[in-house]
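Peer 1:
There are 2 protein chains.
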Amino acid sequence: MDVKDLRYFVAVYETKGFSNASKSLRTVQSNVSTRIRYLEDFLGTPLFERRYRVVVPTQKGEELYVHAKQLIATLDHTERAIRFPQAA
Amino acid sequence: MDVKDLRYFVAVYETKGFSNASKSLRTVQSNVSTRIRYLEDFLGTPLFERRYRVVVPTQKGEELYVHAKQLIATLDHTERAIRFPQAA
DNA sequence: TTTTTTTACGACACACGTAACAATG
DNA sequence: CATTGTTACGTGTGTCGTAAAAAAA
Chain S
0 MDVKDLRYFV
10 AVYETKGFSN
20 ASKSLRTVQS
30 NVSTRIRYLE
40 DFLGTPLFER
50 RYRVVVPTQK
60 GEELYVHAKQ
70 LIATLDHTER
80 AIRFPQAA
Chain Z
0 MDVKDLRYFV
10 AVYETKGFSN
20 ASKSLRTVQS
30 NVSTRIRYLE
40 DFLGTPLFER
50 RYRVVVPTQK
60 GEELYVHAKQ
70 LIATLDHTER
80 AIRFPQAA
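Heads up: the protein sequence lines correspond to chains S and Z, in order. Going by numbering that gives the first Met the number 0, 23 is the number at position 24 of the first sequence; the sequence numbering is gapless. Going by numbering that gives the first Met the number 0, 31 is the number at position 32 of the second sequence; the sequence numbering is gapless.
#1: Is arginine 25/S helix, strand or coil by DSSP?
#2: Tell me which same chain residues have a C-beta within less than 7 angstroms of the C-beta of valine 11/Z, skipping the five on either side of it?
#3: Near methionine 0/Z, what residues of its chain come up, given a Cβ to Cβ distance below 7 angstroms and the 5 sequence neighbours on each side ignored?
#4: Any idea if phenylalanine 83/Z is buried or exposed, counting beta-carbon neighbours within 10 angstroms, 16 or more meaning buried?
#5: How should glycine 43/Z be labelled, buried or exposed, when 16 other C-beta atoms within 10 angstroms of its C-beta is the threshold for buried?
#6: Chain Z beta carbons: is any one of them nearer than 8 angstroms to that of valine 2/S?
#7: Is it right to say threonine 33/S is buried, meaning 16 or more other beta carbons lie within 10 angstroms of its own, or is it exposed?
#8: I want to see whether chain Z comes within less than 8 angstroms of isoleucine 35/S, judged by CB atoms only; does it?
#9: What are the residues of the segment 56-67 of chain S that lie near chain Z, defined by any Cβ-Cβ distance shorter than 7 angstroms?
#10: Leucine 5/Z and alanine 67/Z - do their beta-carbons sit closer together than 8 angstroms?
#11: Compute the Euclidean distance between the alpha carbons of threonine 26/Z and phenylalanine 8/Z, then round it to the nearest angstrom.
#12: My assumption, with CB atoms under 8 angstroms, is that isoleucine 81/S sits in contact with glutamate 62/Z. Please give the rounded CB distance.
#13: Just the C-alpha distance for leucine 74/Z and arginine 52/Z, rounded to the nearest angstrom, thanks.
#14: Per the DSSP calculation, proline 88/S is bridged to which residue(s)?
#15: Tell me the DSSP secondary structure of aspartate 4/S in three-state form.
#16: Tell me whether valine 2/Z is buried or exposed, calling it buried when 16 or more other Cβ atoms sit within 10 Å of its Cβ.
#17: With a cut-off of 8 angstroms, does the C-beta of glutamate 78/S fall near any C-beta of chain Z?
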């Protein structure tokens with residue numbers, strides 16, 4: 000499981016749509032669609048229900064979101080801590 | 000920062016060598032070398048001192064190890080939790 | 001028809017293994 | 001010389017954006 004895919008996933012979750020997510024991710028819809036589909040295949044479960052004008056997380060989607068959000072935050076924090084050692 | 004690179008890093012740290020790490024990572028030395036070098040460039044600091052027959056982590060290397068280890072564990076755990084939902 | 005997601009595809013970049021080189025003792 | 005890390009390089013794989021199709025109301 001790739002962290003980049005988790006970033007895609009989180010963006011879709013938070014913006015409630017593939018189209019919206021693609022903007023914040025600075026890529027195009029089609030790539031978001033492809034990666035989310037890949038992630039769903041990999042995890043063996045759907046993560047979102049595609050409805051008209053809105054995307055709704057499944058149970059597994061909700062579960063993944065909590066972990067993904069935390070994981071990304073930790074990764075980014077670690078990265079910054081090493082790259083920009085502030086203070087002692 | 001890519002998680003795969005962190006896995007490479009952890010393997011080098013734990014096996015105390017690029018050659019040893021490459022075996023457990025099922026790849027070749029050269030790739031480990033390249034990725035660690037990339038990681039060092041990206042983070043803007045050396046992570047290991049290359050000595051004869053052994054590799055020693057720098058201060059930053061030690062710091063990164065703690066976080067990397069934790070992060071990988073969390074990622075793997077999350078992945079398993081979604082893929083193989085055991086019990087209720 | 002409008003809005004959104006999916007599929008197909010071509011071009012470019014990256015990852016991997018092979019092989020040759022460098023360095024250390 | 002033996003061992004370990006580095007650099008160079010070709011091939012395959014993946015990623016990205018474009019474009020066309022499908023679905024939903």
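Even glycine gets a Cβ: it sits at the ideal position worked out from N, Cα and C. Since this is a predicted model, take the numbers as computed values, not measurements.
Peer 2: Walking through what the data contain:
#1: In the first sequence, the residue the question calls residue 25/S occupies position 26. The three-state secondary structure of arginine 25/S, taken from DSSP, is coil.
#2: Looking up residue 11/Z in the second sequence gives position 12. If we look at valine 11/Z and ignore the five residues flanking it on each side, its Cβ neighbours are Phe17, Ala20, Val31, Ile35, Phe47, Val54.
#3: Counting from one through the second sequence, the residue named residue 0/Z turns up at place 1. Contacts found: Phe41.
#4: Numbered from its first residue, the second sequence carries residue 83/Z at position 84. The residue is exposed, with fewer than 16 neighbouring Cβ atoms inside 10 Å.
#5: Along the second sequence, read from residue 1 onward, the residue named residue 43/Z stands at position 44. Exposed, by the Cβ-count rule.
#6: The residue labelled residue 2/S in the question sits at position 3 within the first sequence. Yes, valine 2/S counts as interfacial toward chain Z.
#7: Here residue 33/S refers to the residue found at position 34 of the first sequence. Exposed: under 16 other Cβ atoms inside 10 Å.
#8: Taking the first sequence and counting its residues from 1, one reaches residue 35/S at position 36. Answer no: the Cβ-Cβ gap between isoleucine 35/S and chain Z never drops below 8 angstroms.
#9: Cβ contacts with chain Z: Lys59, Glu62, Leu63, His66.
#10: Your numbering for residue 67/Z matches position 68 in the second sequence. Your numbering for residue 5/Z matches position 6 in the second sequence. Yes, these two residues count as a Cβ contact at 8 angstroms.
#11: Walking along the second sequence from the start, residue 26/Z turns up at place 27. Walking along the second sequence from the start, residue 8/Z turns up at place 9. Threonine 26/Z and phenylalanine 8/Z: Cα-Cα distance of roughly 13 angstroms.
#12: The residue you call residue 81/S lines up with position 82 of the first sequence. The residue you call residue 62/Z lines up with position 63 of the second sequence. The pair is a contact, with the Cβ atoms about 7 angstroms apart (cut-off 8 angstroms).
#13: Here residue 74/Z is taken as the residue at index 75 of the second sequence, counted from 1. Here residue 52/Z is taken as the residue at index 53 of the second sequence, counted from 1. About 32 angstroms.
#14: In the structure as shown, chain S begins at 0 and stops at 87. Residue 88/S is therefore absent and cannot be evaluated.
#15: Locating residue 4/S in the first sequence gives position 5, where the first residue counts as 1. Shown here, aspartate 4/S sits in a helix according to DSSP, grouped into three states.
#16: Position 3 of the second sequence, counted from the first residue, corresponds to residue 2/Z. Under this definition valine 2/Z is a buried residue.
#17: The residue labelled residue 78/S in the question sits at position 79 within the first sequence. Judged by the 8 angstroms Cβ criterion, glutamate 78/S is in contact with chain Z.
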